[in-house]
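Data block below; observations after.
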Amino acid sequence: MWAPSEPIPRINTASGARGWRNRHGRYRLVGTVCGACEAVHFPARRICPSCRSADLAEKPLSRTGKVVCAAEDHSPLVGHGGRPVRPFAIIELDNGPSVLAELVDVRTVTPGQRVELVIRKWRRESNGLYEYGYKFRELP
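In this text, residue positions in the sequence shown follow UniProt numbering: the first is 1, and each later residue adds one.
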């Protein structure tokens with residue numbers, strides 16, 4: 001099996017400015033709602049992709065939803081921990097759009113299953129800091 005002769009450098013670096021700009025969407029699941037066509041978007045947009053209006057306002061999205069479809073990733077990513085299998089799902093939120101997210105603390109994943117948002121560690125950045133974000137777990 002081929003292996004690199006030296007460590008592969010990390011290409012992403014933590015950015016305080018990027019983290020500050022994305023904090024609402026990453027930790028509180030805040031999207032935008034269009035004032036013209038009332039479409040709800042996540043992640044937040046500056047221009048509505050549906051009608052091209054710039055009349056957008058922040059909208060807190062639901063922290064619960066249901067699984068639409070699910071899949072498993074069997075390729076571990078560098079910096080994302082040593083878990084060999086990571087379940088992902090498209091989740092239709094109760095009051096808004098659908099989001100793609102990793103599932104945690106689940107035994108089996110089935111369409112229609114109710115889930116809730118949790119904040120968990122995403123990865124370790126190249127500067128040694130951990131990046132946190134949203135994942136979903138099944139409701140009891």
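Positions of the beta carbon are idealized from the N, C-alpha and C atoms, including for glycine.
The model shown is predicted, which means the values in this text are computed figures rather than measured ones.
Inter-residue Cα distance where the pair is lysine 135 and alanine 39 | 24 Å
* To do: Take tyrosine 27 as the anchor and find which of Val67, Glu58, Arg120 and Gly128 has the nearest alpha-carbon.
  => Looking only at Val67, Glu58, Arg120 and Gly128, the smallest Cα-Cα distance to tyrosine 27 is reached by Arg120.
Exercise for review: Could you pull out every residue in the same chain whose Cβ sits closer than 6 Å to the Cβ of arginine 114, ignoring the five residues on either side in sequence?
Suggested key: Lys66 and Leu139
Note to self: Below 8 Å, how does it come out for the stretch 94 to 103 and the stretch 54 to 73: are there three or more Cβ pairs, yes or no?
What the structure shows: Enough Cβ pairs lie closer than 8 Å, so yes.
Residue of Asp73, Gly31 and Ser53 minimising C-alpha distance to proline 84:
Asp73
Please determine, among Pro111, Phe42, Asp105 and Cys34, the residue with the shortest C-alpha to C-alpha distance to alanine 70. Out of Pro111, Phe42, Asp105 and Cys34, the CA that lies nearest to the CA of alanine 70 is found in Pro111.
Along the chain, where does the beta strand (DSSP E) that runs through cysteine 34 open and close? 30 to 34
Quiz item: Does the Cβ of leucine 93 have 16 or more other Cβ atoms within 10 Å, making it buried, or fewer, making it exposed?
Solution: buried
Review point. Does the Cβ of phenylalanine 31 have 16 or more other Cβ atoms within 10 Å, making it buried, or fewer, making it exposed?
Key: Residue 31 is actually glycine in this sequence, not phenylalanine. Buried: at least 16 other Cβ atoms inside 10 Å.
Notebook entry, point to check: Grouping DSSP H, G and I as helix and E and B as strand, with all else coil, what is alanine 44?
Noted result: coil
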